[in-house]
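Visitor:
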Amino acid sequence: MIGGFADLLERLAFTPRRGLKLAHLAGYFRATPDPDRGFALAALTGDLDLRAVTPSLLRGLVAGRVDAELFALSYDFVGDLAETIALIWPGIGGVDDDVALSDLVAQLQGAGKAELPGLIAARLDRMSPSQRYAYLKLATGGLRVGVSARLARQAVADFGALDLAEIEEIWHGLAPPYLNLFAWATGGQKPVSAARAPFRPVMLSTPTDAEALAALDPADFIAEWKWDGIRVQAVSDGGTRRLYSRTGDDISAAFPDILEAMAFDGVLDGELLVRRGAQVAPFGELQTRLGRKKVGAKLLHSHPAGLRAYDLLLWEGRDWRSAPFAQRRTALEQAVAGLDAARIDLSPLLPFTDWDTLAALRAAPPETVIEGLMIKHRASPYLAGRIRGHWFKWKRDPMRVDAVLLYAQRGHGKRSGYYSDFTFGLWDGDALVPVGKAYFGFTDAELKALDRFVRDNTVERFGPVRAVRPEKVVEVAFEGLNRSPRHKSGVAMRFPRIARIRDDKPASEADRLATLLEMLPEVEG
Amino acid sequence: MLTPLPTLIPRPEGLYCPQGNFFIDPVRPVPRALVTHAHADHARAGHGAVMATRQTLEIMALHYGPDFAGAQQVADGQVTIGGLDVSFHPAGHVLGSAQICIAGPSGRVVVTGDYTRSPNPACAPWEPVACDILVTEATFALPVFRHPDPQAEIARLLASVAAFPERAHLVGAYALGKAQRVIMLLREAGYDAPIYIHGALAKLCDYHIAQGVPLGDLRPATVARGRKGDFAGAVVLAPPSAFAATWAQRFPDPVIAFASGWMMVRARARQRGVELPLVISDHVDWGQLTQTISELDPAETWITHGREDALLRWCALEGRAARPLRLVGYEDEPE
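As you go down the protein sequences, you meet chains A and B in turn.
Residue 452 in our numbering sits at position 452 of the first sequence, with consecutive numbering throughout.
Residue 279 in our numbering sits at position 279 of the second sequence, with consecutive numbering throughout.
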């Protein structure tokens with residue numbers, strides 16, 4: 001029913017926390033029968049294919065009902081087209097009995113282009129404002145309620161006490177309204193994926209450090225670099241080729257160059273990179289290739305993608321997942337040897353006999369696009385998920401700068417009433433330039449101290465944001481740095497957090513922007 | 001030309017009537033003020049003389065102390081000022097709120113102050129007062145503002161309280177009017193548990209109770225022994241400004257709610273970090289405002305403050321004479 005879906009969107013829109021969003025979604029799946037919950041799920045995962053209802057169609061509709069100037073003034077105030085129309089639409093009095101999502105979807109899918117505006121208007125006439133909002137968001141796509149496809153699938157897993165990895169494995173064989181998925185979630189049979197080239201759940205690692213490694217025998221382990229790209233799974237199955245992200249999203253369309261090189265029958269696990277010969281480009285360059293539905297010849301040439309293979313799951317009809325890693329690696333080496341090396345190559349192994357040797361390698365990686373080390377037990381089977389004791393990641397030490405707090409904003413939930421979201425800056429000449437935001441890293445005691453500082457040192461307010469006297473220095477740790485035209489400083493940090501409060505340091509001794517820019521990975525001219 | 005109607009002129013101090021030599025809701029100290037209601041942006045301290053309803057004067061005294069003006073006069077029945085007949089009529093906005101009617105020999109002007117036509121059990125309901133010139137507020141004068149049934153909004157609050165019994169529900173509500181309205185709506189909905197209130201609400205809640213407005217079991221939202229769990233499942237009312245203060249840190253994982261007509265617009269709610277927006281307004285919405293103009297059918301409509309552009313456009317479409325006064329100093333909703 002559109003009413004229940006409208007309530008769900010409302011709750012999600014105002015719930016900042018992931019855990020609560022999951023609870024709302026699971027509650028919705030519990031309370032809503034098939035096929036509506038399946039259509040709602042498809043709307044959230046972006047898998048609902050509807051005839052394009054464009055903003056201009058909606059503008060045309062509302063122009064027939066509301067004075068243009070009154071609409072313009074209202075839109076200006078509200079700021080969202082669907083919301084403005086939902087609120088301003090003069091219903092004809094009376095709201096229909098709740099309409100099933102499945103009926104609305106079927107109608108939108110079946111309507112001819114010419115009859116579409118009339119159908120939508122008739123629906124809007126008989127809906128409440130919140131139903132109109134939900135209906136318009138459904139019709140135009142793009143719900144913008146802060147729920148990723150993965151979070152929606154996680155909610156199905158929570159609801160049915162299923163394993164997310166298993167859902168992701170079969171997801172590409174499923175279609176809205178997912179009757180077989182919900183049957184499984186409510187105690188029925190697991191759907192058999194009939195799709196070609198399905199995704200297999202990925203094996204993940206747990207973090208480690210020198211201290212933890214000291215207890216282990218180096219002879220039991222194999223080490224390789226942890227490359228800074230995105231983890232992918234390349235599946236080629238009876239002529240069907242797909243490239244999946246590690247969460248099972250199909251990203252094939254953005255990487256035709258990789259697909260072309262997948263002249264095999266099997267499943268490889270590896271890192272997707274932008275690679276020019278032996279030169280691996282920084283992560284930022286890979287980002288320009290991501291998220292595309294199509295990719296032009298120019299970009300394929302300027303940003304060629306490469307797959308650096310880590311592991312082999314299936315090969316020419318054999319499932320290798322239960323074999324020990326050492327054996328899989330040998331099979332992988334043979335498999336990759338027969339492929340186009342310009343596109344698919346091997347992640348090299350690192351020679352070591354003791355942990356100190358490995359520590360030395362980690363301290364001085366040969367390329368900046370290395371995030372650290374992967375240490376894998378020789379006997380590990382390929383297991384779904386993050387199982388302790390098999391694969392370890394030993395990440396490079398984070399980068400650090402000493403920055404000055406500039407702005408603060410209040411947090412949500414358990415941090416209600418605390419200034420817990422901080423913007424910090426570095427010196428550029430005599431000015432402090434904002435370079436990033438951090439929401440975590442501090443202890444509860446440090447949070448209290450920072451909150452107190454913000455309250456006592458506010459110099460200006462911009463709505464919920466406070467500008468503070470630029471006096472507090474914090475050590476910011478982060479995992480990487482990309483160029484970013486969207487940021488004033490020209491760079492964006494990855495996973496920045498406040499590692500320490502530097503009360504020992506005056507603001508004048510905080511780092512300079514130039515120091516940060518020097519940490520950028522080198523880019524090939 | 002004879003002066004057909006009492007004259008009102010917008011001045012920096014507020015709306016001025018030269019025949020009566022008084023200001024209505026002046027934002028700066030003036031010799032003589034007529035005050036529609038006790039919200040701080042309409043009712044300031046320091047005037048030479050203030051005329052208002054008894055309850056408005058008493059609430060001003062609670063805010064500012066008993067000597068907030070040189071002289072006070074309770075508006076009771078019809079009073080003649082400078083040859084004009086002045087009378088106060090209920091506005092339905094907050095306790096003591098009034099519209100001011102100024103009648104001359106050949107016509108009448110009604111200044112609405114802030115008003116609502118939605119039932120508000122905390123005060124006397126708005127009354128239609130026939131007039132030649134209607135001087136109206138326009139706080140929510142956009143056709144997107146169609147405020148829902150407040151009881152349905154309270155039902156959403158109670159549903160959330162039931163769904164999250166381990167969390168405190170902090171409801172932002174302005175101290176005069178909105179807070180008592182929310183409390184009464186909760187009581188009407190059958191919620192008879194203690195309601196906890198921020199210290200800034202205490203005086204005005206006590207005053208309402210003394211005026212015969214039943215609010216039920218109210219308790220101070222103080223942590224006696226610093227135990228956060230004390231407020232699990234509780235409904236706590238506070239002025240919205242308290243959410244920015246350390247005061248909010250005492251509650252267990254609070255749900256932040258806010259009772260305001262602005263909560264209709266999602267972006268407004270999100271900007272304030274509101275998790276549970278409650279659309280409860282003590283102003284006329286678009287429908288009530290345009291209905292009021294249609295029903296009173298004044299020769300002219302003057303607009304004091306708010307979103308006058310849309311209302312002017314509506315009047316033009318309806319063939320009604322209207323003009324904006326663009327008075328400054330009134331907040332959208334005072335804290």
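Glycine is no exception: its CB is placed at the ideal position from the N, C-alpha and C atoms.
Just the C-alpha distance for Thr54(A) and Gly60(A), rounded to the nearest angstrom, thanks.
Guide: Translated into the one-based positions of the first sequence, residue 54(A) becomes position 54. Translated into the one-based positions of the first sequence, residue 60(A) becomes position 60. The alpha-carbon atoms of Thr54(A) and Gly60(A) are separated by roughly 10 angstroms.
Visitor: Hey, could you find the ends of the alpha helix (DSSP H) Leu358(A) is sitting in?
Guide: As a working note, residue 358(A) is residue 358 in the first sequence. It spans 355-363 - the alpha helix (DSSP H) in which Leu358(A) sits, taken as one unbroken run.
Visitor: With 8 angstroms as the threshold, decide whether the Cβ of Pro464(A) is near any Cβ in chain B.
Guide: By one-based count along the first sequence, residue 464(A) stands at place 464. Cβ-Cβ to chain B under 8 angstroms: yes for Pro464(A).
Visitor: Looking at C-beta atoms only, is the number of pairs between the stretch 116-128 of chain B and the stretch 309-319 of chain B that lie closer than 8 angstroms three or more?
Guide: With a cut-off of 8 angstroms, the stretch 309-319 of chain B and the stretch 116-128 of chain B do not count as touching, because too few Cβ pairs lie within range.
Visitor: Return no unless some Cβ of chain B is closer than 8 angstroms to the Cβ of Ala13(A).
Guide: On the first sequence, position 13 is the one that residue 13(A) refers to. So, interface residue.
Visitor: Take Trp156(B) as the anchor and find which of Leu278(B), Glu300(B), Thr290(B) has the nearest alpha-carbon.
Guide: Mapped onto the second sequence, residue 156(B) falls at position 156. Residue 156(B) is actually Arg in this sequence, not Trp. Ranking Leu278(B), Glu300(B), Thr290(B) by Cα distance to Arg156(B) puts Leu278(B) first.
Visitor: List the endpoints of the continuous beta strand (DSSP E) containing Leu138(A).
Guide: Walking along the first sequence from the start, residue 138(A) turns up at place 138. Looking at the DSSP string, Leu138(A) is not in any beta strand (DSSP E); the run it does join, the alpha helix (DSSP H), is 129-140.
Visitor: So with CB distances below 9 angstroms, who are the chain B contacts of Arg410(A)?
Guide: As a first step, residue 410(A) is located in the first sequence; it is residue number 410 there, counting from the start. Result: Phe243, Ala244, Ala248, Gly273.
Visitor: Can you find at least 3 beta carbon pairs, one from the stretch 363-372 of chain A and one from the stretch 221-228 of chain A, that sit closer than 8 angstroms?
Guide: The answer is yes - the stretch 221-228 of chain A touches the stretch 363-372 of chain A, with three or more Cβ pairs under 8 angstroms.
Visitor: Please classify His24(A): is it buried, with 16 or more other beta-carbons within 10 angstroms of its beta-carbon, or exposed?
Guide: As a position in the first sequence, residue 24(A) is number 24, starting the count at 1. The residue is buried, with at least 16 neighbouring Cβ atoms inside 10 Å.
Visitor: How many Å lie between Ala364(A) and Glu479(A) at the Cα?
Guide: Sequence index remark: in the first sequence, residue 364(A) carries index 364 (1-based). Sequence index remark: in the first sequence, residue 479(A) carries index 479 (1-based). About 16 angstroms.
Visitor: Between Leu174(A) and chain B, is there a C-beta pair that is closer than 8 angstroms?
Guide: Position 174 of the first sequence, counting from 1, holds the residue named residue 174(A). For Leu174(A), the answer is no, since every Cβ of chain B falls outside 8 angstroms of its Cβ.
Visitor: Within 8 angstroms, do at least three Cβ pairs link the stretch 162-176 of chain B to the stretch 83-90 of chain B?
Guide: Output reads no: the stretch 162-176 of chain B does not touch the stretch 83-90 of chain B.
Visitor: Are Ala438(A) and Pro398(A) closer than 8 angstroms when you measure CB to CB?
Guide: If you number the first sequence from 1, residue 438(A) lands on position 438. If you number the first sequence from 1, residue 398(A) lands on position 398. No; because the gap between Cβ atoms is not below 8 angstroms, this pair is not in contact.
Visitor: With Ile256(B) as the anchor, note down where its beta strand (DSSP E) starts and where it stops.
Guide: Within the second sequence, numbered from 1, the residue matching residue 256(B) stands at position 256. Where Ile256(B) is concerned, the enclosing beta strand (DSSP E) stretches over 255-259.
Visitor: Write down the C-beta distance between Val74(B) and Leu95(B) rounded to the nearest angstrom, noting that I regard them as a contact closer than 8 angstroms.
Guide: Locating residue 74(B) in the second sequence gives position 74, counting from the first residue. Locating residue 95(B) in the second sequence gives position 95, counting from the first residue. Actually they are not in contact, since the Cβ atoms of Val74(B) and Leu95(B) sit about 15 angstroms apart, beyond 8 angstroms.
Visitor: Need the endpoints of the beta strand (DSSP E) that Met399(A) sits in, please.
Guide: For this step, residue 399(A) is matched to residue 399 along the first sequence. Unbroken beta strand (DSSP E) run through Met399(A): 399-410.
Visitor: Return no unless some Cβ of chain A is closer than 8 angstroms to the Cβ of Met264(B).
Guide: By 1-based counting over the second sequence, the position of residue 264(B) is 264. With 8 angstroms as the cut-off, Met264(B) counts as an interface residue toward chain A.
Visitor: I'd like to know whether the C-beta of Pro277(B) is nearer than 8 angstroms to at least one C-beta of chain A.
Guide: Along the second sequence, read from residue 1 onward, the residue named residue 277(B) stands at position 277. Closer than 8 angstroms to some Cβ of chain A, the Cβ of Pro277(B) qualifies, so yes.
Visitor: Between the Cα of Gln72(B) and the Cα atoms of Asp41(B), Leu34(B), Cys101(B), which residue gives the shortest distance?
Guide: Here residue 72(B) is taken as the residue at index 72 of the second sequence, counted from 1. Gln72(B) has its Cα closest to that of Leu34(B), out of Asp41(B), Leu34(B), Cys101(B).
Visitor: Which two residues bound the contiguous beta strand (DSSP E) that contains Ile370(A)?
Guide: Looking up residue 370(A) in the first sequence gives position 370. Start and end: 370-377.
Visitor: Take every Cβ of the stretch 211-218 of chain B, pair it with every Cβ of the stretch 186-195 of chain B, and state whether three or more of those distances are shorter than 8 angstroms.
Guide: Yes, they touch.
Visitor: Can you list, in chain order, the residues of the stretch 304-334 of chain B whose Cβ is nearer than 8 angstroms to any Cβ on chain A?
Guide: Cβ contacts with chain A come from Arg307, Asp309, Ala310, Arg313, Trp314, Leu317.
Visitor: So, using beta-carbon positions, are Leu158(B) and Phe14(A) closer together than 8 angstroms?
Guide: Taking the second sequence and counting its residues from 1, one reaches residue 158(B) at position 158. Taking the first sequence and counting its residues from 1, one reaches residue 14(A) at position 14. No; because the gap between Cβ atoms is not below 8 angstroms, this pair is not in contact.
Visitor: I'd like the span of the alpha helix (DSSP H) that includes Gln343(B), first residue to last.
Guide: Shown here, chain B extends from 1 to 335; a query on residue 343(B) therefore has no answer.
Visitor: How would you list, in chain order, the residues of chain B whose beta-carbon sits under 7 angstroms from the beta-carbon of Val232(A)?
Guide: Your numbering for residue 232(A) matches position 232 in the first sequence. Neighbours of Val232(A) on chain B: none; closest Cβ ~35 angstroms, over 7 angstroms.
Visitor: Using a Cβ cut-off of 8 angstroms, pull out every chain A residue sitting near Ala357(B), in sequence order please.
Guide: Coverage of chain B is limited to positions 1 through 335, which leaves residue 357(B) absent and any answer about it impossible.
Visitor: In chain B, which residues lie less than 7 angstroms from Tyr418(A) when you measure between Cβ atoms?
Guide: Taking the first sequence and counting its residues from 1, the one referred to as residue 418(A) is at position 418. Under the 7 angstroms cutoff, chain B gives Gln249.
Visitor: Find the residues of chain A that neighbour Pro143(B), judging by a C-beta separation of less than 9 angstroms, and give them in chain order.
Guide: Sequence index remark: in the second sequence, residue 143(B) carries index 143 (1-based). By Cβ distance, chain A contributes Val66, Asp67, Leu70, Phe71, Leu73, Ser74, Leu87, Ile88, Pro90.
Visitor: Rounded to a whole number of angstroms, what is the C-alpha to C-alpha distance between Leu516(A) and Pro218(A)?
Guide: Along the first sequence, one-based indexing puts residue 516(A) at 516. Along the first sequence, one-based indexing puts residue 218(A) at 218. The alpha-carbon atoms of Leu516(A) and Pro218(A) are separated by roughly 36 angstroms.
Visitor: Taking Gly233(B) as the reference, give the member of Glu166(B), Arg307(B), Phe145(B), Asn21(B) with the closest Cα.
Guide: Residue numbering aside, residue 233(B) sits at position 233 when the second sequence is read from its first letter. It is Glu166(B) whose Cα lies nearest to the Cα of Gly233(B).
Visitor: Whose CA, out of Pro29(B), Thr7(B), Gln288(B), lies closest to the CA of Gly20(B)?
Guide: Mapped onto the second sequence, residue 20(B) falls at position 20. Measuring from the Cα of Gly20(B), the nearest candidate turns out to be Thr7(B).
Visitor: Measuring CA to CA, which of Ala326(A), Arg231(A), Arg275(A), Arg328(A) is closest to Ser302(A)?
Guide: Taking the first residue of the first sequence as 1, we reach residue 302(A) at position 302. It is Arg275(A).
Visitor: Of all the options Thr45(A), Ala72(A), Ala111(A), Ile258(A), which has the alpha carbon lying nearest to the alpha carbon of Arg150(A)?
Guide: The count along the first sequence starts at 1 and reaches residue 150(A) at position 150. Of Thr45(A), Ala72(A), Ala111(A), Ile258(A), the residue nearest in Cα terms is Thr45(A).
Visitor: Alpha carbon to alpha carbon, what distance is there between Arg483(A) and Leu101(A)?
Guide: Residue 101(A) sits at position 101 when you count from the first residue of the first sequence. Residue 483(A) sits at position 483 when you count from the first residue of the first sequence. Approximately 43 angstroms between the Cα atoms of the pair.
Visitor: Residues in its own chain within less than 7 angstroms of Ile154(B) by CB, not counting five upstream and five downstream?
Guide: Looking up residue 154(B) in the second sequence gives position 154. So the qualifying residues of the chain are Leu185, Leu186, Ala189.
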